[in-house]
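Q:
2 protein chains.
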Amino acid sequence: MSSLLDETHDPALTSWVETANDPATDFPIQNLPFGRFRRAGEAQWRIGVAIGDQILDLQRAKLIETDDMNALMRAGTARRKRLRLALSQGLRAGSPRQSTLQSSLVPQTAVEMGLPCRIGDYTDFYTSIHHATTVGKLFRPDNPLLPNYKWVPIGYHGRASSIVASGQSIRWPIGQFKAPDDEVPRFGATQRLDYELELGAFIATANPQGEPVPIGAAEDHLFGLALFNDWTARDIQAWEYQPLGPFLSKNFASTLSPWIVTMEALAPFRVPFERPASDPEPLPYLESATNRASGAIDIALEVWLSTAAMRDAGRPAQKLMQSNFRDSYWTLAQLVAHHTVNGCNLQPSDLLGSGTQSGPDAGQGGSLLELAMGGKQPLRLAGGDTRGFLQDGDTVIPRGYCNRPGFRRVGFGDCTGTVVAAREFQHEAA
Amino acid sequence: MSSLLDETHDPALTSWVETANDPATDFPIQNLPFGRFRRAGEAQWRIGVAIGDQILDLQRAKLIETDDMNALMRAGTARRKRLRLALSQGLRAGSPRQSTLQSSLVPQTAVEMGLPCRIGDYTDFYTSIHHATTVGKLFRPDNPLLPNYKWVPIGYHGRASSIVASGQSIRWPIGQFKAPDDEVPRFGATQRLDYELELGAFIATANPQGEPVPIGAAEDHLFGLALFNDWTARDIQAWEYQPLGPFLSKNFASTLSPWIVTMEALAPFRVPFERPASDPEPLPYLESATNRASGAIDIALEVWLSTAAMRDAGRPAQKLMQSNFRDSYWTLAQLVAHHTVNGCNLQPSDLLGSGTQSGPDAGQGGSLLELAMGGKQPLRLAGGDTRGFLQDGDTVIPRGYCNRPGFRRVGFGDCTGTVVAAREFQHEAA
Chain H
34 MSSLLDETHD PALTSWVETA NDPATDFPIQ NLPFGRFRRA GEAQWRIGVA IGDQILDLQR
94 AKLIETDDMN ALMRAGTARR KRLRLALSQG LRAGSPRQST LQSSLVPQTA VEMGLPCRIG
154 DYTDFYTSIH HATTVGKLFR PDNPLLPNYK WVPIGYHGRA SSIVASGQSI RWPIGQFKAP
214 DDEVPRFGAT QRLDYELELG AFIATANPQG EPVPIGAAED HLFGLALFND WTARDIQAWE
274 YQPLGPFLSK NFASTLSPWI VTMEALAPFR VPFERPASDP EPLPYLESAT NRASGAIDIA
334 LEVWLSTAAM RDAGRPAQKL MQSNFRDSYW TLAQLVAHHT VNGCNLQPSD LLGSGTQSGP
394 DAGQGGSLLE LAMGGKQPLR LAGGDTRGFL QDGDTVIPRG YCNRPGFRRV GFGDCTGTVV
454 AAREFQHEAA
Chain D
34 MSSLLDETHD PALTSWVETA NDPATDFPIQ NLPFGRFRRA GEAQWRIGVA IGDQILDLQR
94 AKLIETDDMN ALMRAGTARR KRLRLALSQG LRAGSPRQST LQSSLVPQTA VEMGLPCRIG
154 DYTDFYTSIH HATTVGKLFR PDNPLLPNYK WVPIGYHGRA SSIVASGQSI RWPIGQFKAP
214 DDEVPRFGAT QRLDYELELG AFIATANPQG EPVPIGAAED HLFGLALFND WTARDIQAWE
274 YQPLGPFLSK NFASTLSPWI VTMEALAPFR VPFERPASDP EPLPYLESAT NRASGAIDIA
334 LEVWLSTAAM RDAGRPAQKL MQSNFRDSYW TLAQLVAHHT VNGCNLQPSD LLGSGTQSGP
394 DAGQGGSLLE LAMGGKQPLR LAGGDTRGFL QDGDTVIPRG YCNRPGFRRV GFGDCTGTVV
454 AAREFQHEAA
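Line order of the protein sequences matches chains H and D.
Note that our numbering has the first sequence beginning at 34, numbered continuously upward.
Note that our numbering has the second sequence beginning at 34, numbered continuously upward.
1) Is the distance from the Cβ of H:Cys448 to the Cβ of H:Leu260 below 8 angstroms?
2) What distance in whole Å lies between the Cβ atoms of H:Gly221 and H:Ile203, which are believed to be in contact at a cut-off of 8 angstroms?
3) Give the secondary structure of H:Asn324 by DSSP, where H, G and I count as helix, E and B as strand, and everything else as coil.
4) Measuring alpha carbon to alpha carbon, tell me which of H:Pro247, H:Leu319, H:Thr295 ends up nearest H:Ala111.
5) In the DSSP output, what is H:Thr428 paired with across the bridge?
6) Since H:Gly408 and H:Arg225 should fall inside the 8 angstroms C-beta cutoff, what is the C-beta to C-beta distance between them, to a whole number of angstroms?
7) Does the stretch 37 to 50 of chain H touch the stretch 426 to 436 of chain H, meaning 3 or more C-beta pairs lie closer than 8 angstroms?
8) Can you tell me where the alpha helix (DSSP H) with D:Glu273 in it begins and where it stops?
9) What first and last residue would you give for the beta strand (DSSP E) that runs through D:Phe445?
10) Could you check the C-alpha separation between D:Leu91 and D:Ser136 for me, to the nearest Å?
11) Take the Cβ of D:Pro66 as the centre, count every other Cβ of all protein chains shown within 10 Å, and call the residue buried at 16 or more, exposed below.
12) With DSSP as the reference, please indicate the residues paired to D:Asp157 in a beta bridge.
13) Report buried or exposed for D:Lys283, applying the criterion of at least 16 other Cβ atoms within 10 angstroms of its Cβ.
14) Distance check for D:Trp272 and D:Arg303, CA to CA, integer angstroms please.
15) If I follow the unbroken beta strand (DSSP E) through H:Glu231, where does it start and stop?
16) When you check each C-beta in the stretch 391 to 404 of chain H against every C-beta of chain D, which residues fall closer than 8 angstroms?
17) At a CB distance below 8 angstroms, what residues from the stretch 296 to 320 of chain D approach chain H? Give them in sequence order.
18) According to DSSP, is D:Thr288 part of a helix, a strand, or is it coil?
19) In terms of alpha-carbon separation, which member of H:Ala300, H:Leu334, H:Ala234, H:Glu335 lies closest to H:Ile293?
20) What does D:Arg413 pair with, by DSSP beta-bridge criteria?
21) Out of H:Arg125, H:Cys150, H:Ala342, H:Tyr362, point me to the one whose CA is closest to H:Ser391's CA.
22) Which residues mark the beginning and the end of the alpha helix (DSSP H) in which H:Glu244 is found?
23) At the level of alpha carbons, what is the spacing between H:Gly433 and H:Phe158?
24) How should D:Arg442 be labelled, buried or exposed, when 16 other C-beta atoms within 10 angstroms of its C-beta is the threshold for buried?
25) If I measure Cβ to Cβ from D:Leu38 and keep anything under 8 angstroms in the same chain, skipping five residues before and after, which residues do I get?
26) In the structure shown, what three-state DSSP assignment does H:Met34 receive?
27) By the three-class DSSP mapping on this structure, what secondary structure does D:Gly47 have?
28) Could you name the residues of chain H that D:Asp253 contacts, counting a contact when the two beta carbons are closer than 7 angstroms?
29) With DSSP as the reference, label D:Val369 as helix, strand or coil.
30) Rounded C-beta distance between H:Ala237 and H:Met106? I'm assuming under 8 angstroms.
31) Mind checking whether H:Gln63 and H:Ala298 have CB atoms under 8 angstroms apart?
32) Would H:Arg192 pass as an interface residue toward chain D - the criterion being a Cβ-Cβ separation below 8 angstroms?
33) Return the chain-ordered list of same chain residues with a C-beta closer than 7 angstroms to the C-beta of D:Lys183, the five sequence neighbours on each side being excluded.
34) So H:Ala53 and H:Gly68 are in contact, right, with Cβ under 8 angstroms, and what is the actual spacing, rounded?
35) Report the partner residues of H:Leu255 according to the DSSP bridge assignment.
36) In three-state terms, what does DSSP make of H:Ala104?
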């Protein structure tokens, strides 16, 4: 891992942007995540880097040539590392470039943040064995963890067009669902709306169709990570998902955080990939010495909830749970190696979801389904309210950050979405 | 249906492009499908319309302003209909524009055909109840047709990046699979490579996120249809597909035909949407008077096979089966209404696969899995060879056409793909 560290990770570095030196900021000079922003009245998105409570406008600062994030992704790891070093040096306290760069700063409060890029194909994985086991028990009590789980990094394709940026509201979905006792399915607003706490990994460089990415090269194909909320209608899911998987239960919307924290920024937080000794070894195409030594990443993940009632009462958002990405059963390198082993071509700006990140303990479920046991044990909120599933006006706030003694905290920023009531469905005259 | 017909469908129309008047052509003046082509040495794709054995270059003919098919799709139904009328009038025998348009013709044999557009999100449905039942028997003998099938137009998201144009070869995929008697999964080239005969429908106009498309408006969101081969590795599929559906078993490649036959060209072939009286009525959001009267389309579909041995012996391709899209359990309008009922936003150039189109009889399976009963009853080919699943060098050729007394035949053109041997997988040094 030490080979992944360079001067940009030095915890002693401070920035001339004073707010970047606040120990609580998500965006110290050791982070430098990429995102897209625009000022009021601008139509075009611009590429920026978060530093404290400011954004450095990269094109205005003459650090990139176009404002096409997809092109920056495609440029690959070496180019991104050079840019990171230039940013670290330019934003460092005492930099001779301070006066030049200062005019390319814009306060984060002054802009709208968009999706970090135009998303290509979106794949969602299922890497938390704790999530798979708990959810499996609810959907298939007799058969919670399927026999393929410990061999295959299970994944499926998702919907890219309906992924929205943090802050956008989520229209309550309607559809078909059927309780076990119903004779025929019902049609209407979902009664079991849920969130899923995930990370999303962006692909940087492509692999040609027909050419697998070996696990040792897999991380070179990654750009970085963002927070991801895979909103899910559980009743629609239960009725539709066999035999081809989830569809309308998820494709109405997913929320992505605006900042992509690069693989470089995450380097200090790499940890060994560990499995219970009783579990099978991964097949050789999913295994390497590097993956064993440092394939996992220590990222604390949380979900916070703010209800309309809490806001009316002036209460702050409430933390519902915490888990850690290091507990994932598969690493990012394994996901890339598996996804391409059949020759499938990944492309710059493709998004790989991690799947819901639940921890080993009962209170660490990454969805309400898990925390409230399918609605049977509603969560008690501060103020006395309860939640089995989401309600109108609920704001869901996934959070993520890395802490390690001897290094600066690196965080992911905002990923919020508020659910709003369904419209009445207008049927056709038959 | 008569309201859908206009002068462009008149079977008496002939073209000054003589080959368009051949009764056997797929591309009479009543068809006018859109595709993208380029001449040798050109980097950019150009939009063309097939007429007999020629292509009319639309930008050179000053009939469109840019060569962006996605923009033409986005422009919507009314614009496409005006363009169709202008094309029909200009290409008609006796047209005063003949001498102008003549210089914008290029022979189909002189160009490369690409994918008809940059594909957005790709969804695959499962609309043949005959396919679902036969395949269900093989995967779940005790439970072939799941309880949701007659209520939910089952669909799932697929991979857009690996969809290739007709004529491109398909690299034999490798992956994990596990026979029931295997203690641990194997890794290697699939032993059960298959095709799936499908139609692909392209979306023209978008619906905003959160706003369902009512079934009565659904066809206005469609551009037209092409042939589609959803290559599938059955052993990988059987091992990976639970609980989230097919993934690596399908996303290594799919083949799309180059010409999009528009909804207008298909108007003469509309037929009633019919179901057995004992089956449930679709829920109201999936039902309309128009859908009942003419929601289905009479399109004959076939799969032809040419093996390396056949080609060596100078034998022609062999027809394996025929089915008809009118036997689909769900109509295109129902697919659009269902896909958007939860607010999911469809976009111009999104692709909706029909799912494998199998007919009611045993010889009408749209995949080898069905025709050869999971490999147990291999097909006997002319020349004595047999096929349980595909072999290296096999060329699979889906075909499609519409015939109706009193109208000109409308066809879909080529959709071919040849499978080539797997590369040896290069493992990492661990």
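We treat Cβ as the ideally placed atom computed from N, Cα and C, and that holds for glycine.
A: From the atom records:
1) Within the first sequence, the letter at position 415 stands for residue 448 of chain H. Within the first sequence, the letter at position 227 stands for residue 260 of chain H. Yes. Within cutoff.
2) Numbered from 1 along the first sequence, position 170 holds the residue referred to as residue 203 of chain H. Numbered from 1 along the first sequence, position 188 holds the residue referred to as residue 221 of chain H. About 17 angstroms; that fails the 8 angstroms criterion.
3) Taking the first sequence and counting its residues from 1, the one referred to as residue 324 of chain H is at position 291. Annotated three-state conformation of H:Asn324 is helix, per DSSP.
4) Translated into positions along the first sequence, residue 111 of chain H becomes position 78. Comparing Cα-Cα distances from H:Ala111 to each of H:Pro247, H:Leu319, H:Thr295, the minimum goes to H:Thr295.
5) Taking the first residue of the first sequence as 1, we reach residue 428 of chain H at position 395. H:Thr428 pairs with H:Ser339, H:Thr451.
6) The residue you call residue 408 of chain H lines up with position 375 of the first sequence. The residue you call residue 225 of chain H lines up with position 192 of the first sequence. The distance from the Cβ of H:Gly408 to that of H:Arg225 is about 7 angstroms, consistent with a contact at the 8 angstroms cut-off.
7) No: fewer than three Cβ pairs fall under 8 angstroms.
8) Position 240 of the second sequence holds residue 273 of chain D. Taken as a continuous stretch (DSSP letters only), the alpha helix (DSSP H) holding D:Glu273 covers 267 to 273.
9) By one-based count along the second sequence, residue 445 of chain D stands at place 412. D:Phe445 -> no beta strand (DSSP E), and no H or E assigned at all.
10) Within the second sequence, residue 91 of chain D is the residue found at index 58, counting from 1. Within the second sequence, residue 136 of chain D is the residue found at index 103, counting from 1. Straight-line measurement puts the Cα of D:Ser136 at about 11 angstroms from the Cα of D:Leu91.
11) Working through the second sequence from its first residue, we reach residue 66 of chain D at position 33. Around the beta carbon of D:Pro66, 16 or more other beta carbons lie within 10 angstroms, which makes this residue buried.
12) Taking the second sequence and counting its residues from 1, the one referred to as residue 157 of chain D is at position 124. Within the DSSP bridge table, the entry for D:Asp157 names D:Tyr189, D:Gly386 as partners.
13) Your numbering for residue 283 of chain D matches position 250 in the second sequence. Buried: at least 16 other Cβ atoms inside 10 Å.
14) As a working note, residue 303 of chain D is residue 270 in the second sequence. As a working note, residue 272 of chain D is residue 239 in the second sequence. For D:Arg303 and D:Trp272, the distance between alpha carbons rounds to 40 angstroms.
15) Stepping through the first sequence from its first residue, residue 231 of chain H is reached at position 198. Run containing H:Glu231: 230 to 236, per the beta strand (DSSP E) assignment.
16) Flagged: no residues at all.
17) Using a CB distance below 8 angstroms, the part of the stretch 296 to 320 of chain D facing chain H consists of Pro313, Leu316, Pro317, Tyr318, Glu320, ordered along the chain.
18) As a working note, residue 288 of chain D is residue 255 in the second sequence. Three-state result, D:Thr288: strand.
19) Counting from 1 along the first sequence, the entry for residue 293 of chain H is found at position 260. When only C-alpha atoms are compared, the closest one is H:Ala234.
20) Translated into the one-based positions of the second sequence, residue 413 of chain D becomes position 380. Checking the DSSP bridge columns, you'll see D:Arg413 partnered with D:Thr419.
21) Taking the first sequence and counting its residues from 1, one reaches residue 391 of chain H at position 358. Nearest of H:Arg125, H:Cys150, H:Ala342, H:Tyr362 to H:Ser391, Cα basis: H:Tyr362.
22) As a first step, residue 244 of chain H must be located in the first sequence, where it is residue number 211. DSSP places H:Glu244 in no alpha helix (DSSP H); its state is neither H nor E.
23) On the first sequence, position 400 is the one that residue 433 of chain H refers to. On the first sequence, position 125 is the one that residue 158 of chain H refers to. The straight-line gap separating the alpha-carbon atoms of H:Gly433 and H:Phe158 is approximately 18 angstroms.
24) Counting from one through the second sequence, the residue named residue 442 of chain D turns up at place 409. Its Cβ being crowded by 16 or more others within 10 Å, D:Arg442 is buried.
25) Start at 1 with the first residue of the second sequence, and residue 38 of chain D comes out as number 5. Around D:Leu38: Ala300, Pro301.
26) The count along the first sequence starts at 1 and reaches residue 34 of chain H at position 1. Unreliable placement is indicated for H:Met34, whose pLDDT of 45 sits below 50; the coordinate value is still reported in the next sentence. Residue state, collapsed to three classes: coil.
27) Locating residue 47 of chain D in the second sequence gives position 14, where the first residue counts as 1. It is worth fixing the name first, because residue 47 of chain D is Thr in this sequence and not Gly. In this structure, D:Thr47 counts as coil in the three-state DSSP scheme.
28) Looking up residue 253 of chain D in the second sequence gives position 220. Within 7 angstroms Cβ-Cβ: nothing; D:Asp253 doesn't reach chain H, min ~13 angstroms.
29) Walking along the second sequence from the start, residue 369 of chain D turns up at place 336. In this structure, DSSP gives D:Val369 a helical state, which the three-state scheme calls helix.
30) Within the first sequence, residue 237 of chain H is the residue found at index 204, counting from 1. Within the first sequence, residue 106 of chain H is the residue found at index 73, counting from 1. The beta carbons of H:Ala237 and H:Met106 sit about 5 angstroms from each other, so the pair counts as a contact at 8 angstroms.
31) As a working mapping, residue 63 of chain H is identified with position 30 in the first sequence. As a working mapping, residue 298 of chain H is identified with position 265 in the first sequence. Yes. Within cutoff.
32) The residue you call residue 192 of chain H lines up with position 159 of the first sequence. For H:Arg192, the answer is yes, since a Cβ of chain D falls inside 8 angstroms of its Cβ.
33) Within the second sequence, residue 183 of chain D is the residue found at index 150, counting from 1. Annotation for D:Lys183: Asp312, Pro313 place their beta carbon closer than 7 angstroms to its own, counting only its chain and skipping 5 residues before and after.
34) One-based indexing of the first sequence puts residue 53 of chain H at position 20. One-based indexing of the first sequence puts residue 68 of chain H at position 35. So it is not a contact: roughly 15 angstroms between Cβ atoms.
35) Position 222 of the first sequence, counted from the first residue, corresponds to residue 255 of chain H. According to DSSP, H:Leu255 bridges with H:Ile236.
36) The residue you call residue 104 of chain H lines up with position 71 of the first sequence. Helix at H:Ala104.
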